[in-house]
Amino acid sequence: MKQVLHLQVNGEDVEVAAPPHWTLLEVLRYGLGLTGSKQGCDKGDCGACTVLVDGEPVLACCTLAAATEGSGIRTVEGLADKGGPSRVQRAFDACGALQCGFCQPGMIVSATALLERNPDPSLAEVKQALSGNLCRCTGYTKIFDAVLAAAKDRVPGMRADGSVPMAYGTPTDGFRYVGARGRKADAIGKATGSAKYTDDLTLPRMAHGRILRSPHAHARIRSIDTSRAEALPGVFAVVTGAEMPHAFCVIPWTPDEHALAVDKVRYVGDGVAAVAAVDEDTADRALALIDVDYEVLDAVLSPTEAEAPGAPLVHDRDWKDRPRQDNVCKEVELAFGDVDGALKDAAVVVDGEWHYSGSTHAAIEPHCALAEWSADGDLTLWSSTQVMHYLHRELARVLDVPEAKIRVVQPVLGGAFGGKSEPFDLEFCAAALARKAGRPVKILYTREEVFYAHRGRHPMDFRFRIAADAQGHVTAVDNDIVLDGGAYHSFGLVTTYYAGQLLPGPIRFGTYRFKSRRVYTNKPCCGPKRGHGSVQPRFPLETALDEVAEKLGLDPIEIRRRNAMRAGEHTVNGQLVPSCGVLGCLDAVEAASGWKQRHGKLPFGRGLGVATSMYISGTAYPIYPNEMPQSGVQILADRSGRLTVFTGTNDIGQGSSGAIAFVVAEETGIHPDQIRVIAGDTDLTPVDLGSYSSRVTYMAGLAAQEAGRAMRDVMVRAAAKHWDTTPSDILVLPGKYLLISDPEKQLDTAHVLRLAEALLGTPVSTGGGYRTRKLGGDYRGGTIGASPAYSATAHVAEVCVDTETGHVKVERIWAAHDCGRALNPVMVEGQIEGSVYMGMSEAVLEDQAFHLGMEKRRAMPGRDRTRGMHIGPNLLDYRIATSLDTPDIDAFVVESVDPGGPYGAKEAGEGPLHPAIPAVANAIWDAVGIRMRTMPFTPERVLAALRAGAAEVA
Amino acid sequence: MLRMPEFEVHRPSTAADAVRLRSQLPDAMYVAGGTDLLPNLKHHLHAPKHLVSLARVEGLSGILRAGDGTLRLGATTSLHAIATDEVLRAEVPGLAKAASLVAGPQHRRMGTIGGNVLLDTRCLFYNQSLPWRRALGSCLKSEGTWCHVIGSDKSCVAAQSSDTVPMLVALDASIEVTLPDGSTETIALAGLWTKDGRFERNRNLPPEALLTAVVIPPRAAGHRSTYRKVRARQAIDFPQVGVAVAAGFDGDRLSSLAVVVGAMLPHPKRLDHDDVAGRPLDDALVEHVAERAYKQVRPQPQVHGDPGWRRELARVETRRALRELLPG
Ligand SMILES: Cc1cc2nc3c(=O)[nH]c(=O)nc-3n(C[C@H](O)[C@H](O)[C@H](O)COP(=O)(O)OP(=O)(O)OC[C@H]3O[C@@H](n4cnc5c(N)ncnc54)[C@H](O)[C@@H]3O)c2cc1C
Ligand code: SF4
Ligand code: FES
Ligand code: FES
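These protein sequences, in sequence, are chains A and B.
Anchor point for the first sequence: position 131 equals 131 in this note's numbering, and the numbering is continuous, going up by one each time.
All you need for this note's numbering is the position in the second sequence, starting with 1, plus 954.
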């Protein structure tokens, strides 16, 4: 039963009929189509839904709509005035405060409310006012900049009319646009609430899908009876695993997962059945009517349990349908050089056990998919994915439909960090339900389901040994790694390799050996999270290196300098590192942090720590071997002077579309304002393998450079013909082409494009690709971890340890990152700041933890059902840092100019996360003299370690 | 998005109507700011058929100071108003501080003092979705029969998690309520809570009673107060430990002292300690009271944080809270 509400929304009187149990967020989004206000948790934990009710910032998801009758409501859509976006919105855009943008409508509303009552706030007041708005991308740094810039009316690049050009800064010497500070391709739409994320789309007759999930960590499904659910009025379709019998996996040769469980459920939250219904209430009711008969099995919740003799098998058979003997998903062992000899001869050996706890991506946008079939049986799937192409392939496999009949579209994406880099059950289920129901179906994960979808950082146990000679040169590293994989394979074999293969560098190893074993457990599946597989082993390496330095009486920065790799070197495992700016990074953070004067000399409780890392710029080889380009870019010119660039990359908030626009602008001389990037649509855009492994700037950047160059060649030829001269007589400048022999003669780029079209007699379009080069070590597995370029990073962290409570406050992090060349420094800084934030949050706060079973005296008689339950699958119990917990972040861009990257560019999105965890651990040592070998560094752990004795290992 | 049970919403404009609706309608509940209730409804912890919204009830909101120093906080006064009110900041600084530490800025604008006083107790096994709880087999406070925290089928130790409650108890505050028969009553807060954390059993108050105001009696001469909160993040998080202290000073000598520990038990715990009258707040006294905090609260793993650590923190934060009262 609906009731009519009278509201004044963004200055307009509206009447809207809504059921009384709807929240204000539902009335805005569903009732009024105002999709600018976002939903990130739906229960008051994240702030994405913040709107103003009678001038006060409130959470629309926890506001009863009926109670707001007669109120005045302002949403992000209403903040822009007739003159266009508000100054706050402009400032957020110009300052690079928007990455994925999903948190930003709420953030901008909170910031606007602050500035309306306090036009000139201090930084502390800004942090306080935004402390109920979680952002997962930016590290808040540029958000603070933007609010202060708006307050002071100092929006960078803002013209008199209030607009801001795409590139407003000065380019690097010798470049037309590269190096200029600039905006992101799609940011203003995000700031004003007009950008459409997947859940913002609705289609006529659309049904809402929901997935029934396993209440058991491990059980055999005896039967599923969906008849009562099917009979419920308003239910259009129900599907079960039996209807999608093909297993899938992002790695095509290890399919061990089904769209919905077929025989067993393997973790609490595993999908069992799905329904599509007229609305969400009916869908929920239908789920409760599905009867599943389970035979509950013992669960294994840690590698230790999983490897115990007689442990139950998570998978009875492997992907080749061979019976399994154990729970080992993948095992790798590689050795380079005489490790045992080096350990024996070493001046110092540090040997111990470390534990890295799991964490999850927690992008603020929950996964969402919308599927529609045409009358001809063609599927369109809109999905919040970061790997459209792999999704495309797996959809075809699971749905049994040729790829040519499937179109995958990635709308604006609200953050991913690796958490959307493989197919998920909702995509298959939305498609299968839509086919069965004969109408479009949307499925939106609840925040809880996002925690079950997971694919986050693997917990890892290390037995780690490092040896050095008397000068501190690392002569051996020996690492025995156990990865807790969760229930499925995911990228498992890659992660298993990465945990070992990505470690050598920028610290040079004399010899190296690793054993790496990924074990299945009855928990949500782990996968790639920002710094896939390689963040974890950096923790033992970089903290043990500090111990080596201490034993040798060396400064921690000095020992890293002594071991720093140089450009052109090969790692011990045979990877060529064409450029390496780690020394520059160390210099930058050493100077900025006052290291020489302060390290080792601060009062008890305060300390500095350093750490370094290196990361790939894309993996050398695609996930499935093929001869086609890994990235393709097409450019189409319009007579208006505009270029449209088509790319299959997925802009997940990192700004890849903007980077590609900058590359094309650089090549053609056409201003980025005149370049539109169309990305993420398998019907419209050439294949790109997706946004993972930090591959986009490098690989799609090179493809864009090739396509741009071809466009420029045509334009130069056309200009030459126009002036009746040779192409070498043409100079390409920003916005214009000039005749060198008679510099008075100039043409604007729009004119040149028209000449080009006339010259060719066809539309002017060009293409470019990134083709796989032969790279990698000459041994089995040697191509895994091979990359055309490697970034380098160094952090210095400053912490304050409360010795009575154990709390570690990370106060400041100086982070220098070698990205080869910054195409747009604003975006590179944003990636560094966001990475630092995510790493430090992981270091001290986050833990994707599960109940492992109660002590006997607490356990429920009969069966202890807590085993395998997620401790708190929500953004209140899983704590990601707020604006008040985030340290001051000083980002430094170091440019080593890679010989192979576009203008020398390489990755910036993942590398800068790695050192945060060991840098914080090393700073704790400097502060209070304890070595933390288990993370996160919670106050309980730190206090216990402090009590266990100052110099003892925790 | 998450579904709530289907209910109707009523928006009475007088307290009497509110109580009448709440008493007469079947399965009705009050809702003020909704920041506690709505997440709980999304978790299907209750299944009301009717919600009686207090948003429009006249005279329920506002801060009044009587000539004798009595402070009357209307039940629907927002926590933001309490945190920023000049009079409260000057006269009961600990309360303004406690209110300023609740949740995040938006919650403090939505959340009311009445809702904060009557905040349901919290537990990691309770404040979860219905599918989550079902997978667990639920618990004594929800649909089940077993307490997973203490391993018992008899009692629930879900934690009193309001930040203002310990402070209000330390201030000897009381609440004014309107009862179903229309009568009004003033009830001392100290006696409001039971030792059972279950909903409705947690309070010595009929569920239909409408809280209309929180009343803080005149403070002792030389009143000083503060509140300290332990939480993982500096915003949003509920307390893992809360310590409220209120003291009267006569010069540098104490005339009275109340220390109340929150977030550990289903009720706020006022510490027993030696008589302080006439004593300076010196190290010995600080240590004595801090030790009592450690001895008198035994937290369980019902909220985040190792219970032994939380217990230790009760000592540390009590010590710190007391030191905050010392000038300079
Ligand atoms: C993410 C998050 C974090 C939070 N963190 C904290 C925190 O750190 N500290 C903290 O103290 N709280 C916290 N809260 C809880 C909540 O925001 C506050 O306690 C708030 O003060 C509750 O007030 P309300 O008006 O919103 O209550 P409501 O949700 O409206 O009501 C709460 C309960 O009290 C009853 N009730 C309300 N008013 C009356 C009345 N006048 N008479 C009778 N019954 C009434 C309701 O029926 C309901 O049972 C948090 C909430 C969220 C969602
Ligand atoms: S303390 Fe026990 S009974 Fe109470 S909510 Fe927690 S688990 Fe349930
Ligand atoms: S969606 Fe409302 S607070 Fe997260
Ligand atoms: S920009 Fe804040 S969550 Fe992505």
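Positions of the beta carbon are idealized from the N, C-alpha and C atoms, including for glycine.
- Closer than 6 Å to some heavy atom of ligand 1: that describes the Cβ of M983(B).
- By a beta-carbon distance limit of 8 Å, L444(A) contacts C368(A). Their separation comes to about 5 Å.
- The shortest CA-to-CA distance from K2(A) to any of R562(A), V610(A), A18(A) is the one to A18(A).
- The beta carbon of Q1254(B) does not come within 7 Å of any beta carbon belonging to chain A, so the residue lies off that interface.
- The Cβ of E804(A) sits closer than 7 Å to at least one Cβ of chain B.
- In chain order, D42, K43 make up the part of chain A whose C-beta sits under 8 Å from the C-beta of K996(B).
- The C-beta distance from L684(A) to H389(A) rounds to 13 Å, too long to fall under 8 Å, and the pair is not in contact.
- Taken atom to atom, the span from the alpha-carbon of A843(A) to that of E243(A) is near 43 Å.
- Across the stretch 870–887 of chain A, CB contacts with chain B closer than 9 Å involve H870, I871, G872, P873, N874, L875, L876, D877, R879, I880, A881, T882, S883, L884, D885, in sequence order along the chain.
- In the DSSP annotation of this structure, the continuous segment of the beta strand (DSSP E) that includes H355(A) starts and ends at 348–356.
- V1184(B) is the residue among T1140(B), V1184(B), L1008(B) whose C-alpha sits nearest the C-alpha of A1052(B).
- By the C-beta density criterion, L123(A) is exposed, having fewer than 16 other C-beta atoms within 10 angstroms.
- Proximity of V897(A) to chain B, defined by a Cβ-Cβ separation below 7 Å, is not satisfied.
- Residues close to ligand 2 by the beta carbon criterion (under 6 Å to any non-hydrogen atom) are, from first to last along the chain, C1077(B), F1079(B), Y1080(B), C1093(B), L1094(B), K1095(B), C1101(B), H1102(B), V1103(B), C1110(B), V1111(B), A1112(B), G1151(B), Q1256(B).
- The C-beta of V963(B) comes closer than 7 Å to at least one C-beta of chain A.
- No heavy atom of ligand 1 is found nearer than 6 Å to the CB of L583(A).
- Within 10 angstroms of the beta-carbon of W1263(B) lie 16 or more other beta-carbons, which makes it buried.
- For S1116(B), no chain A residue has a C-beta closer than 7 Å to its own C-beta; the minimum C-beta separation is roughly 15 Å.
- The alpha-carbon separation between C100(A) and G414(A) amounts to approximately 5 Å.
- Between the alpha carbons of S516(A) and L483(A) lies a distance of about 7 Å.
- Per DSSP, N922(A) is one residue of the alpha helix (DSSP H) stretching across 916–928.
- The beta-carbon of P233(A) is placed no less than 7 Å from the nearest beta-carbon of chain B.
- Relative to ligand 1, even the nearest heavy atom lies 6 Å or more away from the CB of V1195(B).
- Scanning its chain for C-beta atoms nearer than 7 Å, with the 5 sequence neighbours on each side dropped, one finds around E403(A) the residues H392, R393, A396, in chain order.
- The beta carbon of V474(A) sits closer than 7 Å to the beta carbons of I466, A468, I507, R508, F509, G510, N563 from its chain, once the five residues preceding and following it are set aside; these are given in chain order.
- Screening all residues for a C-beta within a distance smaller than 6 Å of any heavy atom in ligand 3 leaves Q39(A), G40(A), C41(A), D42(A), G44(A), D45(A), C46(A), G47(A), A48(A), C49(A), L59(A), C61(A), in chain order.
- Between ligand 4 and the CB of F892(A), the shortest heavy atom gap is not smaller than 6 Å.
- Identification of chain B residues near V799(A) by a Cβ-Cβ cut-off of 9 Å yields none; the smallest Cβ-Cβ distance measures about 15 Å.
- Collapsing the DSSP output to three states places G834(A) in a helix.
- In this structure, F646(A) has its beta carbon at no less than 6 Å from each heavy atom of ligand 4.
- Not one heavy atom of ligand 4 is found less than 6 Å from the C-beta of I871(A).
- Taking 7 Å as the Cβ-Cβ cut-off, the stretch 975–992 of chain B approaches chain A at V985, G988, T989, L992, given in chain order.
- By the rule that beta-carbons nearer than 7 Å mark a contact, M955(B) touches chain A.
- Residues of the stretch 444–468 of chain A whose Cβ lies closer than 8 Å to any Cβ of chain B, in chain order: L444, T446, E448.
- For the stretch 1087–1098 of chain B, residues whose beta-carbon sits nearer than 8 Å to a beta-carbon of chain A comprise R1088, A1089, L1090, G1091.
- Straight across, the Cα-Cα distance linking I364(A) with F417(A) is about 11 Å.
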